[in-house]
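Visitor: Position 157 (the sequence shown) corresponds to 157 in UniProt numbering; numbering is contiguous. My questions will all concern the structure given below.
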Amino acid sequence: MTMSKSMKGQRVVVLGGAGFVGSHLCERLLDDGAAGVVAVDNYITGAEANVAHLRGRAGFELVKQDITEGLSVDGPVHYVFNMASPASPIDYAKLPLETMRVGSVGTENGLKLAEARGAVFLQASTSEVYGDPHVHPQREDYWGNVNPIGPRACYDEAKRYAEALTMVYARSYGVRTRIVRIFNTYGPRMRLNDGRVVPAFVGQALRGEDFTVFGEGTQTRSFCYVRDLVDGLVRLALSDVIEPVNIGNPREMTMLEFAEAVRAAAGGGGRIVHKPLPKDDPKQRQPDITRARQLLGWEPRVPLEEGLRETIAWFRSVAGRGPTP
Ligand code: NAD
Ligand code: UDP
1 MTMSKSMKGQ RVVVLGGAGF VGSHLCERLL DDGAAGVVAV DNYITGAEAN VAHLRGRAGF
61 ELVKQDITEG LSVDGPVHYV FNMASPASPI DYAKLPLETM RVGSVGTENG LKLAEARGAV
121 FLQASTSEVY GDPHVHPQRE DYWGNVNPIG PRACYDEAKR YAEALTMVYA RSYGVRTRIV
181 RIFNTYGPRM RLNDGRVVPA FVGQALRGED FTVFGEGTQT RSFCYVRDLV DGLVRLALSD
241 VIEPVNIGNP REMTMLEFAE AVRAAAGGGG RIVHKPLPKD DPKQRQPDIT RARQLLGWEP
301 RVPLEEGLRE TIAWFRSVAG RGPTP
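Now the structure itself:
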């Protein structure tokens with residue numbers, strides 16, 4: 001099968017399509033003229049509401065399926081994006097076996113679907129494969145510093161296994177695979193209570209509460225707006241790059257600085273209160289995006305201030321509609 005230059009006319013399966021990132025990806029694919037977008041989700045950390053606005057659009061289908069129990073999609077399939085996995089530290093701590101199974105069995109079911117239909121398979125991996133990194137910023141050729149038996153291991157090791165499995169299907173079974181290592185991404189449709197720092201601080205700012213900074217707050221992260229991420233996912237899928245590619249925003253800041261950025265964007269929020277630092281919380285994280293720049297012509301466009309404004313506006317609008325998701 002030949003490569004397409006755009007998603008126009010393509011039929012695309014998005015595993016985890018009712019999640020935060022998955023729902024934005026489905027929307028972008030429809031906007032790009034995909035002939036069909038099949039979102040497959042069991043709603044374990046996502047929700048039908050995330051794609052409710054897409055239900056009337058031509059070619060959009062939503063299928064409730066646990067991809068660890070099987071994956072059946074009728075008709076032609078040109079691309080499979082595997083976004084399915086609990087992603088926030090609180091979610092995967094609550095759902096450790098589900099996380100390991102979706103990363104292993106679920107990923108293999110996605111790969112088998114791609115193999116059977118001659119589709120391109122894109123695996124959503126994570127900056128967590130670098131663990132608490134000793135190399136900074138993180139380049140794709142760094143193998144990482146992951147605690148294999150710690151509280152994050154169910155997620156980190158499932159994702160590392162998923163990368164290894166994806167490469168096996170590429171090398172031994174000829175599947176056209178892509179691996180994206182996603183760094184902290186934020187935007188509308190994150191769950192206010194998913195425990196990640198962006199919804200946590202935004203929720204606190206909007207309620208006029210104190211910011212809960214874990215540890216000293218000197219640990220760093222680099223935040224990418226979801227529209228930029230989705231653009232990187234589509235570019236990677238359309239490329240012929242088999243090696244993993246980091247997609248993230250290189251602007252790095254401490255959690256203390258991030259609390260101040262949220263305070264400025266939301267115009268609210270109280271004092272900083274310190275809470276215990278979770279075990280194995282990475283001390284620093286910043287993507288080296290040289291590969292994405294050179295091979296995909298991709299770089300982030302949305303400044304933090306603008307992305308935060310859009311995210312805060314969305315959280316305000318859902319808060320107005322009653323209980324927050
Ligand atoms: P999310 O929890 O909002 O989305 C994940 C979706 O997968 C949910 O809708 C969930 O219901 C679905 N899912 C989980 N297990 C499933 C199963 N067995 N069968 C069918 N559906 C299942 O999380 P997100 O932030 O949108 O993350 C999407 C992907 O991107 C994940 O694979 C995550 O590991 C990866 N990622 C995200 C970030 C980030 O900052 N958002 C960073 C690194 C990697
Ligand atoms: N964090 C925090 N306060 C919170 C939630 C998170 O200080 O209420 C910190 C957390 O310890 C980590 C960073 O923010 O250092 C990012 O956490 P998140 O859970 O968003 O993602 P991670 O990158 O750790 O997977």
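All C-beta atoms, glycine included, are put in the ideal place defined by N, C-alpha and C. Here the structure is a predicted model, which is why all the values come from computation and not from measurement.
1. List the residues that DSSP assigns as beta-bridge partners of C224.
2. Which term fits I312, buried or exposed, when burial requires 16 or more other beta carbons within 10 angstroms of its beta carbon?
3. Between L229 and G248, what straight-line distance do the alpha-carbon atoms span, to the nearest angstrom?
4. Distance check for Q10 and G154, CA to CA, integer angstroms please.
5. With a Cβ-Cβ cutoff of 8 Å, do D32 and S72 count as a contact?
6. What whole-angstrom Cβ distance do T107 and A162 have, given they're in contact under 8 Å?
7. Check the C-beta distance from V120 over to R176 and give it rounded, since I have them as a contact under 8 Å.
8. For P287, write down the residues that DSSP places opposite it in a beta bridge.
9. Output the boundary residues of the alpha helix (DSSP H) element that contains L206.
10. Going by DSSP in three states, L308 sits in which element: helix, strand or coil?
11. Quick one: give me the first and last residue of the alpha helix (DSSP H) that I90 is part of.
12. Are three or more beta carbon pairs between the stretch 73–86 and the stretch 139–147 nearer than 8 Å?
13. What does A39 pair with, by DSSP beta-bridge criteria?
14. Apart from the five residues on each side of it in sequence, which residues of its chain come closer than 8 Å, Cβ to Cβ, to N109?
15. Ends of the alpha helix (DSSP H) at V21?
16. With a threshold of 7 Å on Cβ separation, who are the neighbours of V202 within its own chain once the five nearest residues in sequence on each side are excluded?
17. Please report how far the alpha carbon of I149 lies from the alpha carbon of A35, in whole angstroms.
18. Would you mind listing the alpha helix (DSSP H) stretches within the stretch 207–281 that are 4+ residues and don't spill past its ends, in chain order?
19. What span of residues does the beta strand (DSSP E) with N109 cover, start to end?
20. Does the separation of the CB atoms of V51 and G16 fall below 8 Å?
21. Measuring from the CB of S85, is there a heavy atom of ligand 2 at a distance below 7 Å?
22. I'd like the span of the alpha helix (DSSP H) that includes A158, first residue to last.
Guide: The structure says:
1. T185
2. buried
3. 7 Å
4. In the sequence as presented, Gly is not what sits at residue 154; that position holds Cys. Distance between the alpha carbons of C154 and Q10 is about 34 Å.
5. no
6. 4 Å
7. 5 Å
8. Q138
9. 197–207
10. helix
11. 89–94
12. no
13. V14, L62
14. I67, T68, G70, L71
15. 20–31
16. V262, A266, T311, I312, F315
17. 44 Å
18. 226–238, 255–266
19. Not the beta strand (DSSP E): N109 falls in the alpha helix (DSSP H), residues 107–117.
20. no
21. no
22. 153–173
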